[in-house]
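Residue numbers (my numbering), protein chains in the order written: chain A, 3 to 488; chain B, 17 to 154.
What follows is the structure, encoded as structure tokens:
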């Protein structure tokens, strides 16, 4: 049975997976290099990451058909660490990121991710898109019109070439054409080679050379925690998208654990932390990939191409890479959220915009997500803390009925007693809680307080319509705060 | 003759018109209708991003083609809803050719020449590559 399932997961779609894997490898190379440059490390660091993560995930991931590698979200989080402490600290942080992610997987924290509201996720991808775009601006500083023309040409090819054929990824065609123009036209433009070294060899196992002290841990821990959270957030989002595209299920906890293992391995082999990639996964599925084999082929094929063609890769002009990154930014951005911004509930729109704003101010995706989650929690509490009380007077019985609708809990009960009139000249008051729910001791406390105030005026209080759960809660803690008990 | 009819829809007004024709065909030949809605990659991505659960996504998609389903509800025709994934043209072609359909009813979006060149026409692609008669509703 298990063997059968493994065979299906690996070799259920060999032809489609091999072809898609090759397409993905070709599309991965420029992105891995560009993300390395964003992070401020040599192109090899991103390429090794793409190789290691893709290969390891093929074996231990929970979502066959999904592609993982070096990503923009992770690269953006590590910029300061690299600038302040250098590559070795980044490798250590990558390993620690993996350890944190494995713990997330072990403790099944993938479930917690559903507490991240959709408006925060939309803000997250939009902020990511903007950050990837602005990271390209530095390449334009002090450049001539040649740079702009080459970027324009790259984008034109990327968007128009698919009209001719979709068999070859258009980003690859754009890069080949623009690189050829730069080489044969003897254009004096910045290239990948100017940004760092590209060694044509396989990654080797190395323990990061850092002092193993408490201080080091304190330096890398905040970065690792941010990367672990952001990595899982993007991974689980991507996994859900692949689930939907392929109409299949996946194991999210296994995927979290797999991402952790992949990052640990990557850190020891000189790669930077990564996660699942939405764009590449879409390319993979569109090209016919659906099983574990496609990620393995993508990783191996990428490494092979770098070893064989490394000499050419360093001659790719930065203009071509900037063009590819602008495309990545455009396709990452959720345009429908801008189009529908005025149609969304105001609170959702506010959460989305706040998430984006905080990311752009702090340059940290995880802080933006945290702020977004907090803000939506506050909005949520405010929304459900609206309590509606309607009254009805039954003259015959000298009785007043208060009908309460809403959720009674700490945030909602503060002005709750104010909705009752304690000086009415009635004998009895009935509080109808059919459409209310009591959540905590603040709710019980508020009811006790109301009861007490009525009794001070010699009005007897009865309750009706308590649901089971509320009834239990009331029985358990009710009456503790008042003398008579009930 | 036309016992199993496939009605391709994208929830637009155009496709509501095709539904009309499909219903007439089905009534004439006392056939059944499979309503097919294709979710492409871009839609997958934004649907997942904007909805909390699979169930919500499914509900929203059904809602989208509801006008067509309402039309079918007013008849006695036996119908099924199928949600496919992928690029609309190829996805419909594959589904039609692996299942025995007698006729495909599909709307033409009424694009101009330039739009057809850039976007490509789904109805043309389908008409060219399926193995059964196709009714393109303008």
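Cβ coordinates follow ideal geometry from the N, Cα and C atoms, glycine included.
Coil, strand or helix - residue i by DSSP
i                     : result
residue 319 (chain A) : strand
residue 277 (chain A) : strand
residue 375 (chain A) : helix
residue 209 (chain A) : coil
residue 146 (chain B) : coil
residue 432 (chain A) : strand
residue 71 (chain A)  : strand
residue 27 (chain A)  : helix
residue 474 (chain A) : helix
residue 136 (chain A) : helix
residue 79 (chain A)  : helix
residue 202 (chain A) : coil
residue 419 (chain A) : helix
residue 399 (chain A) : helix
residue 118 (chain A) : coil
residue 468 (chain A) : coil
residue 485 (chain A) : Per-residue confidence for residue 485 (chain A) stands at a pLDDT of 43, beneath the threshold of 50, marking its modelled position as unreliable; the derived number appears in the next sentence. The answer is coil: DSSP assigns residue 485 (chain A) none of H, G, I, E or B.
residue 246 (chain A) : helix
residue 65 (chain A)  : coil
residue 164 (chain A) : helix
residue 110 (chain A) : coil
residue 182 (chain A) : helix
residue 193 (chain B) : In the structure as shown, chain B begins at 17 and stops at 154. Residue 193 (chain B) is therefore absent and cannot be evaluated.
residue 67 (chain B)  : coil
residue 262 (chain A) : helix
residue 3 (chain A)   : coil
residue 36 (chain B)  : helix
residue 450 (chain A) : helix
residue 224 (chain A) : helix
residue 99 (chain A)  : helix
residue 292 (chain A) : coil
residue 306 (chain A) : helix
residue 173 (chain A) : helix
residue 138 (chain B) : helix
Per-residue contacts from residue i into chain B (C-beta, under 8 Å)
i                     : result
residue 124 (chain A) : 65 and 66
Those residues which DSSP pairs with residue i across a bridge
i                     : result
residue 50 (chain A)  : Looking at the DSSP assignment, residue 50 (chain A) forms no beta bridge with any residue, so it has no partner.
residue 409 (chain A) : A:439
residue 20 (chain B)  : B:48
residue 393 (chain A) : A:404
residue 462 (chain A) : A:430
residue 193 (chain A) : A:319
residue 53 (chain B)  : B:25 and B:99
residue 123 (chain B) : B:153
Heavy atom of the ligand FMN within 7 Å of residue i beta-carbon
i                     : result
residue 103 (chain A) : You won't find the ligand FMN in this model; it holds no ligand whatsoever.
Partners in chain B for residue i, counting only beta-carbon separations shorter than 7 Å
i                     : result
residue 243 (chain A) : 60, 61 and 64
residue 522 (chain A) : Nothing about residue 522 (chain A) can be reported from this structure: the residues present for chain A run from 3 to 488 only.
Contacts that residue i makes with chain B (C-beta to C-beta distance below 9 Å)
i                     : result
residue 248 (chain A) : 101
Chain A residues whose Cβ lies nearer than 9 Å to that of residue i
i                    : result
residue 73 (chain B) : 246
Cutoff 8 Å: residue i Cβ touching any chain D Cβ
i                     : result
residue 469 (chain A) : Here the protein chains are A and B, and chain D is not one of them.
Practice prompt. Can you give me, in chain order, the residues of the segment 52–68 of chain B that have a beta carbon less than 8 Å from any beta carbon in chain A?
Written response: 55, 57, 60, 61, 62, 63, 64, 65, 66, 67 and 68
Practice prompt. Could you run through the segment 280–304 of chain A and flag, in chain order, every residue whose CB is less than 8 Å away from some CB of chain B?
Written response: Closer than 8 Å at the C-beta level to chain B, one finds these residues of the segment 280–304 of chain A: 280, 284, 287 and 288.
Item to complete: Return the residues of the segment 87–106 of chain B that lie within a Cβ-Cβ distance of less than 7 Å from chain A, sorted by chain order.
Response: 101
Discussion item. Runs of 4 residues minimum, wholly inside the segment 71–119 of chain B: which ones carry the alpha helix (DSSP H) assignment?
Written reply: 82–89 and 104–114
Worksheet item: If contact means a Cβ-Cβ distance below 8 Å, which residues of the segment 121–151 of chain A contact chain B?
Response: Against chain B - using a Cβ distance shorter than 8 Å - the residues of the segment 121–151 of chain A are 123, 124 and 127.
Item to complete: Pick out the complete alpha helix (DSSP H) segments inside the segment 325–368 of chain A, 4 residues or longer, and give them in chain order.
Response: 337–341 and 348–364
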